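Below: the structure, in structure tokens.
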Amino acid sequence: MEGKSRIQKSLTTKRKVSGNGLRRESIQPSTLPLGSADEHHQFLKSCVAPHVESFDFVIGEGLHLITEEIDPLIFRGPTKEDGKGEHISIRINHLSIQKPRVNLEGPGKVSNKRRIYPSECKRARATYQGELYGAFTVTYGKEEKVHIPSQRIARIPIMVNSIACHLRGMSREELVAQGEEEFEAGGTFIVNGGERVIRLVVVPRSNHAISAVRRANENRGAMFSDLSLSYRSMRRDLTTFTAHLHIFRSGAVRVRVTINRNEYFIPAGVLLRAFLPSETTDREIYELIVGEHSRNIALSNAAIAIIKELSERSIYFRKKDTEPGMKPMVSRTAATAYLGRSFRAIIEFDDEDTSNLEAGIAFLRKYIFVHLSVGAYEAPSESLDRSKADLLVLLIRKLVSTSTGDIEVDNQDATSHQSVMTPGQLYLSLLKEKLEGLLRKVRATVVRLGEKKRGTSYSSGQALHSLVTESLTNAIRSDLISQHMNYLLSTGTLLKSSGLDLPQTQGYSVVAERINFLRFISHFRAVHRGTFYASMRSVSVRKLLPEAWGFICPVHTPDGDPCGILNHMSSTAVITQGSMAKREDIVDLFSDFNITPAPALSAAHAISPLGAIPVVVDGRLIGFVEETSAQELADQIRYTKIRTAVESLSTKAEIILIPETHEKSGFQSGIYIHTCAGRLMRPVKWLAEIASKNISVNDDTCGLDEWIGTMEQVFLRIRPSVDNQTNSVNPIDMEAATHAEISPVSFLSVLASLSPFPEMNQGPRNMFQCQMAKQTMGTPCHAIWNRMDAKVYRLTHPQVPITRSACMQDPMGADLYPNGVNAVVAVISYTGNDMEDALVINKASLERGFAHGTVYVNTRINLDTMGGGKDTKFIPLTEEETDTLKTVDRDGLPIVGARVSLGSALYGVCSRHGSANSSDAQWTKYKSVEDGTIDEVTIYDSDMYRNTKGMRGPGIREANIRTRTSRRPCVGDKFASRAGQKGTMSAAWPSEDMPFSESGMTPDILFNPNGFPSRMTIGMMVEIMSGKAGALHGQFNDSSAFQFDEDHRAIDFFAEQLTKAGYEHAGNETLYSGYTGEPFEVSIFTGVVHYQRLRHMVLDKFQVRTTGRVHPLFRQPIKGRKKGGAIRFGEMERDGLLAHGASFLLRDRLAMASDMHVVRVCSTCGSLLGPTHRKTEGDVICRSCVAEGRDGVIERISMPYSFKYLTNELAAMNIRTIFSLKEVM
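Quick note on numbering: the UniProt record's numbering labels position 871 of the sequence shown as 871, and the sequence is numbered without any gaps.
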């Protein structure tokens, strides 16, 4: 059954919505030539690529990987006749996600489904979600396997334009026909009709050791030092686990792991014993740790301390866990079983049939250097365990070197030690945890149902399988996975149990606001440090460090509390996606290079050679290379990466060569290669010595294109960009440079690149512009009619800028979403109303529509959730009643196109059998003080999109009313140029009084010249000249950064254009007074500036009242603009009035206009509570005085009612208040 829907629109146009989606007759035209529109669309897709590509990984490869990583849940079933329960193992062996669809025949029916699109979910306030299907395998008694076919597990949100979205692959024409944005790039989730985006969050770099000094480390115990080392390992499914290494004052090292929010410490020697082959002697462990550094006393002492602690713990190794004919203290299996015995309860290995050795192997696989572990269903690998031993030795060496000062402590705030957690990684990590929780819930349900059905015999396999199937069905029916996934998207909060290896639980998703398009697109380039750091009152986490160059925009960050916490990626930066390179491929790759294999790969080389540095790939030690050959090896690997000679080495692999001379900078020497996900990368040119390396690069004489990472950049010498015409470097040449920039503006973000001449402005002004561009009333989207946002701002007559950044304005298609208007500006102090930031605007310009805007407000109605619920309906009206009301139609909903004002009826609701004349009829009135127009009324059935069908009342149940309000600029509204020159409109000046030029032109805006010196916005002054020259010649002028210098000055370039047009070379003109008609004695600087009207308007913020509602308890004016409340008059305002000697005004504000109250006080006893009015006698007496046998004298005085309330509160606490009265002349 199709959902009943109706849409009415103002004027004569009518559109209808049916269950099959929205239909449009015409295709939305583009403001640019269609030939370049596809390029703009691709650019916008590249901006949101970090989000979309990460979710594509979830759908494509991630679901398969988590099925391999989730351990089977092993437990005992209900007890049988023999007193033992059957051994049960359940695992998830397949997962898939279907594209969003809706059941037309109600929930549970699968025979008639149709596609559902994001636009429909927005209109119906529903969630755009698909069904997650999973197949299970249950093993009974370790032999009998039963496969449970694929079934729906949950409904989880789907990212727009991902491979699981119906919009993927649609052309622009098809998108518009479907009711979507013509240039829809995706990256958002539709949750309850609103667009939300998962933030990119900064996390420690994966598979990389980071040292830190913290006082909390010393507080862990008497022997702990303040130094620790953290290592965040990333599995193939992008989930992570962090291990911490602590060094004791004695030199011993322990590894700290956190499981279910509890911390556990493991001696490093025990782990080495569990990783290394049996019969490895203590001497061999000592040599493995010390290696060629035998003269390093600190490292030798640490090795001895580690071996000593191992000897102390080896007495707990059991003989029965040892291989035949071997002592427990040198047995690998005994050490592994010791770990399994210690942690089996913690990691929930409750089955007694599972040995301690199996539990130990599972513990090492799941919690120790998990990036080197095999999958849950792969056989254990001794070579991988040996790789873990090699890595642990490298970490011990770095920890000891840092403790002695040979290596400096790492700066965790440096971008080189950080990576980015993408939306797909967070989504997949939470989904994996909830799937593990589903298996645990199945186990708990089996146990519970087994106890409940205690009399049932489970000796037959069919009865036991029925019990497991029923438990699985009950666990799925609870729908916890759907609830938790939707909760993450709707609130940004993780409902997690394991911690997900994250320091915070909140702030992961935000509303993808569409105040304008620039604000919307900035959400996908934003990188947040995390709410944990946002609450810290520390400057170090907010600093812009040199390592961030080219990856993080130095300009695009908010001012205030989020400054330095919320950053934005540069326009060319990307984030790596997908799993890291496979071990087999890396081993094959390095077999062609001249390196000494690592101990894990060759038993013949147990100790690293003297004078060699390690080669580490994604945390796996591959081998060693001589220091003298390291540079040549790095260049060979780099060329292999660039030319993609092998598939195992991605073009976005990060190759870091750290020679011995760089140890003091905080890095351990070696060649480190990273291929894992979440790393920031940017493009540069590799200036290789082509001839000496016999490399042919005939296609590129300026160098090879290469992607470099944040840690790699620290050890490269990168010079300024190369001029493509002369192949020269401007302005300097560095002979020792290894790389060159591809563009002088590549370090700026997408939004910062749009600022005109940013290098000529004061730095903070460029920051302000980045924020104000996102607060501008512009063009939020093209399909406004298809959106249900609470409030939408739109500039009625937007214009594209004359002065524009060619490097970004045209490629991203910013003209498709214009954000301001071109205004003729005269820099003059003329009226006295333009002091500093104030603007005087030509009244005639305002009457022509200058900077006019429109505000759309949506009101949602759901009768089933209102008072009365299912027994209510919209009031049906007759034609006579509609003629009387004028704003409401016969169906009880407003008439499209009707003008409404404060108090006008919007819609009416009554009981099921009621009418407009019934006593239960309730009319909802229009509450805004601004007159508006009913723009659209939409009727829909949201249950159809949620695949639910509850009990609904009769007739229309849900509707959305959109009102349209015109906003003409008024005094107090905020404007800003693109140079960060923000100001408020101080006056709308009559056109006849405005200064005018010789041609009779009057400026749109008068700008005070005092606004330039203090703000140093030279870029705006150049824009005035550039805009004027462009308007005169009918052309756009380029305002990209760094295109002018001392030899080629901007003022000379635009002066030449102005001179050719017949104007004064500096942009000055002779203006005439609008009052006297006489010319001014000086020339006035006049030109064209692209101005932005910000959304901060007086009509949204003004708050004034004379009398109104008061608090029922204190009788003081209430607060809150929506409630008609007053503005708080606090202590600082009081002090300000006292300083000015305005005490009478203070009395008026705090007393007379607030809660002044007349009370009776007994002047005899000073009691405020004693005076009582006697109704029978008609007089007032003091009960306190009467009780003591004296006559009280009652006086009437004025005081704040709040003070009387305080007196009553004190009396309730048995505290008496006495007043002393005296006459004041």
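Note that the Cβ used here is the ideal one computed from N, Cα and C, for glycine as well. It should be emphasised that the depicted structure is a prediction, and the values quoted were computed from it without experimental measurement.
Integer-rounded CB distance, given that residue j should sit under 8 Å from residue i
i	j	result
Ser522	Leu748	So it is not a contact: roughly 13 Å between Cβ atoms.
Arg125	Asn192	6 Å
Asn1068	Phe1085	6 Å
Val1161	Ile1197	6 Å
Gly670	Val616	6 Å
Ile841	Asp1004	7 Å
Met916	Glu881	Rather than Met, the amino acid found at residue 916 in this sequence is Ala. Rounded, the Cβ-Cβ distance is 6 Å, consistent with contact.
Burial state of residue i (16 or more Cβ within 10 Å)
i	result
His739	buried
Arg1049	exposed
Thr404	exposed
Asn207	buried
His484	buried
Glu647	exposed
Ala216	exposed
Ile1024	buried
Asn761	buried
Pro764	exposed
Leu846	buried
Own chain partners of residue i with C-beta closer than 6 Å, once the 5 adjacent residues on each side are dropped
i	result
Val574	Met681
Pro72	Ser89, Arg91
Thr1059	His1065
Gln98	Gly130, Glu131
Own chain partners of residue i with C-beta closer than 7 Å, once the 5 adjacent residues on each side are dropped
i	result
Ser471	Val442, Thr445, Val446, Leu449
Asp353	His87
Ala334	Phe317, Arg318, Asp321, Thr322, Pro328
Pro149	Ala135
Pro157	Thr127, Tyr128, Gln129, Phe189, Val191, Met485, Asn486, Leu489
Test item: CB-CB of residue i and residue j under 8 Å
i	j	result
Thr336	Ala376	no
Ser1184	Ser1167	yes
Leu428	Gly130	no
Thr422	Ala677	yes
Trp857	Lys791	Contrary to the premise, residue 857 reads as Val rather than Trp in this sequence. Cβ distance < 8 Å, so Val857 and Lys791 count as in contact.
Leu839	Thr984	yes
Val400	Leu299	yes
Pro554	Gln771	no
Met788	Ser753	no
Close beta carbons around residue i, own chain, < 8 Å, minus the five adjacent residues each side
i	result
Pro277	Arg332, Glu382, Arg386
Leu167	Tyr117, Pro118, Val160, Asn161, Leu175, Gln178, Glu180, Glu184, Gly186
Ala1061	Ala1029, Leu1032, His1033
Thr1164	Cys1182, Cys1185, Arg1190, Asp1191, Gly1192, Val1193
Glu712	Glu654, Ile655, Ile656
Lys432	Ile66, Glu69, Ile70, Asp237, Thr239
Ile361	Thr336, Gly340, Pro380
Glu292	Ile607, Ser608, Pro609, Leu610, Gly611, Ala612
Check: residue i C-beta below 7 Å from any heavy atom of the ligand NAP
i	result
Pro876	Ligands in the displayed structure: none, and consequently the ligand NAP is not present.
C-beta neighbour in chain D for residue i, strict 8 Å
i	result
Ile74	Of the protein chains in this structure there is only one, and it is not chain D.
With three or more C-beta pairs closer than 8 Å as the rule, is the stretch 770-779 touching the stretch 792-800? yes
For the 8 Å Cβ check, are there 3 or more pairs between the stretch 255-272 and the stretch 334-348? Output reads yes: the stretch 334-348 touches the stretch 255-272.
Count the C-beta pairs between the stretch 532-551 and the stretch 563-579 that are closer than 8 Å, then say yes if the count reaches three, no if not. yes
With a threshold of 8 Å, are at least 3 pairs of Cβ atoms found where one atom belongs to the stretch 493-504 and the other to the stretch 522-541? yes
Hey, is the stretch 956-968 in contact with the stretch 921-937, meaning 3+ C-beta pairs nearer than 8 Å? yes
Assess, as a yes-or-no matter, whether the stretch 411-422 is touched by the stretch 221-228 under the definition of 3 or more beta carbon pairs within less than 8 Å. no
Kindly confirm or deny that the stretch 808-824 and the stretch 1012-1024 touch, where touching means at least three C-beta pairs closer than 8 Å. Proximity of the stretch 808-824 to the stretch 1012-1024 falls short of the contact definition, fewer than three beta-carbon pairs being nearer than 8 Å.
Tell me whether the stretch 964-977 and the stretch 847-854 touch, counting them as touching only if at least three CB pairs, one residue from each stretch, are closer than 8 Å. Here the stretch 964-977 lies against the stretch 847-854, with 3 or more beta-carbon pairs under 8 Å apart.
Do the stretch 1040-1049 and the stretch 1067-1081 touch if we need at least three Cβ pairs shorter than 8 Å? no
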